[in-house]
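Each residue of the sequence shown is one higher than the one before, starting from 3 at the first, in this note's numbering.
Backbone N, C-alpha and C fix where the C-beta goes; we use that ideal spot for every residue, glycine too.
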Amino acid sequence: MPVAKKTAEAARCSSWIRQMFEEGARLAEVHGCDSVLDFSIGNPNLEPPREFQEVLEELVRDPAPGKHGYMSNAGFPATRAAVACHMAEDQGVPIEAANVVMTCGAGGALNVIFKAILDPSDEVVVSRPYFVEYDSYVDNHGGVLKLVPARPDFDLDLEALDGAIGPRTRAVLINSPHNPTGRIYPKTTVRALGELLRRRSGKLGRIIYLVSDEPYRRIVYDGARVASVMAAYENTIIASSYSKELSLAGERIGFLVANPAITGVDELMEGLIMANRVLGFVNAPALMQRAVARLQGITVDVAPYQRNRDVLYDALTRAGFTLTKPEGAFYLFPRSPIADDVAFCREMQEQLVLVVPGSGFGLSGHFRLAYCVAPGVVDRAVPVFAKVGAKYFG
Ligand SMILES: Cc1ncc(COP(=O)(O)O)c(C=O)c1O
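Structure follows, in structure tokens:
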């Protein structure tokens, strides 16, 4: 076997999202790009904001020497300071540049965090459905993912979380706005989670971190706000990125920020910075660090996403599907009309509509649509959902 057994197994069960995305490319070759309605992957269709282009052009013209060399593994001091300032305002707690590490996206940040905090067999508790790459991010560093059900409205089930915490628990990992449901956890839930973790950490005599994965925190609708996790709980680390809010997914730029109130935060920062280096990232891309330092608080215009959400939500509910209205991110997670969500996604594929089975997010009986697509794609999908709805619910 050319690869390790574990890698072969992981590749075999490889992400449904990628499988559907690749199937989309194949179908597009056969039927033509415009015929395939691809809702499989969360790749932002909006271009980065105008300000990004302007800053980038200025930076590229800047003749200063050494612009493309290594820098401190944690990132440029000016970028870390800009992120700290913005995040302090956002979270309502004091944050210094020393608490920030620039990373290769939110995925990079999560790997750095788990490398730094997990001992072998330490457990990370996650509410399902969940972003399936978490399996690998935790396993990469010897940890074990422990899944708990969410409430029917996809809010966190705090009793289930409480029940899943034990002597090996090192972290609870949350994601809000949420992929795949679009749920934003209410402030009351986040506060109650903080109290729960404080109580359980105290009893167990070890830190249980709250790791908050927030790459969608600026992709919100109807004026929704994402509650501050750092105000709710001291032992919190946020992983985030500019992949979605600036549509820079391919540039691999993000950050992590540790709450300065974490017990032993200086030692933790040393561990995080070292993890960024030894994982081979070394540092986040230099040019992008310089760009985002000047783009704090700027976000793509979410109006086109909101329009897509509204059109699809209305079309799906009218067609008879059951779903909760997303408050953020760019995903819908309706119930599949048949228990076998994989079979249902295959049926949609025959109609040239690509959606991903809920099983790919740890919750069968559902399917996910990523609506970060051109408006024409959404409009053309409406009659297909009406037809499929008539078959199952008519
Ligand atoms: C919930 C969640 N976390 C993390 C990531 C990874 O983001 P990035 O591209 O910034 O690494 C994604 C990407 O889709 C995501 O949906």
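Helix, strand or coil at residue i according to DSSP, with G and I counted as helix
{"i": "Leu206", "result": "helix"}
{"i": "Thr301", "result": "coil"}
{"i": "Phe346", "result": "helix"}
{"i": "Ala76", "result": "coil"}
{"i": "Ile176", "result": "strand"}
{"i": "Phe369", "result": "strand"}
{"i": "Pro65", "result": "coil"}
{"i": "Gly330", "result": "strand"}
{"i": "Thr319", "result": "helix"}
{"i": "Arg52", "result": "helix"}
{"i": "Val57", "result": "helix"}
{"i": "Thr324", "result": "coil"}
{"i": "Val375", "result": "coil"}
{"i": "Leu39", "result": "strand"}
{"i": "Arg201", "result": "helix"}
{"i": "Pro182", "result": "coil"}
{"i": "Leu195", "result": "helix"}
{"i": "Pro359", "result": "strand"}
{"i": "Arg337", "result": "strand"}
Limits of the unbroken alpha helix (DSSP H) element including residue i
{"i": "Met104", "result": "Counting along the chain, Met104 falls outside any alpha helix (DSSP H), though it belongs to the beta strand (DSSP E) covering Val102 to Thr105."}
{"i": "Tyr223", "result": "Unbroken run through Tyr223: none, as it is neither H nor E."}
{"i": "Leu163", "result": "Leu160 to Ala166"}
{"i": "Asp137", "result": "Glu135 to Asp141"}
{"i": "Glu11", "result": "Lys7 to Arg14"}
beta-carbon residue i near ligand 3 non-hydrogen atom, thresh 8 Å
{"i": "Leu258", "result": "Annotation note on ligand 3: not contained in the displayed structure, which lists ligand 1 as its ligands."}
Residue interval of the beta strand (DSSP E) (run including residue i)
{"i": "Tyr211", "result": "Tyr211 to Asp215"}
{"i": "Ser129", "result": "Glu125 to Arg130"}
{"i": "Pro151", "result": "Val146 to Pro151"}
Classification of residue i by the beta-carbon crowding that lies within 10 angstroms, buried from 16 upward
{"i": "Lys7", "result": "exposed"}
{"i": "Cys347", "result": "buried"}
{"i": "Met232", "result": "buried"}
{"i": "Cys374", "result": "buried"}
{"i": "Gly219", "result": "The residue you asked about is not Gly; residue 219 is Arg in the sequence shown. Its Cβ being crowded by 16 or more others within 10 Å, Arg219 is buried."}
{"i": "Ser123", "result": "exposed"}
{"i": "Ala305", "result": "exposed"}
{"i": "Cys106", "result": "buried"}
{"i": "His33", "result": "exposed"}
{"i": "Pro179", "result": "buried"}
{"i": "Val222", "result": "buried"}
{"i": "His143", "result": "buried"}
{"i": "Tyr72", "result": "exposed"}
{"i": "Phe332", "result": "buried"}
{"i": "Ala76", "result": "buried"}
{"i": "Pro328", "result": "buried"}
{"i": "Arg309", "result": "exposed"}
{"i": "Asp224", "result": "exposed"}
{"i": "Phe395", "result": "exposed"}
{"i": "Ala277", "result": "buried"}
{"i": "Asp36", "result": "exposed"}
{"i": "Thr190", "result": "exposed"}
{"i": "Pro336", "result": "buried"}
{"i": "Gly252", "result": "exposed"}
Within-9 Å CB hit, residue i to chain B
{"i": "Val62", "result": "Going by chain labels, chain B is absent from the structure shown, which holds only one protein chain."}
Exercise. Kindly provide the ranges of any beta strand (DSSP E) runs that are 3 or more residues long and lie completely inside the segment 225-303, ordered along the chain.
Key: 238-243 and 256-260
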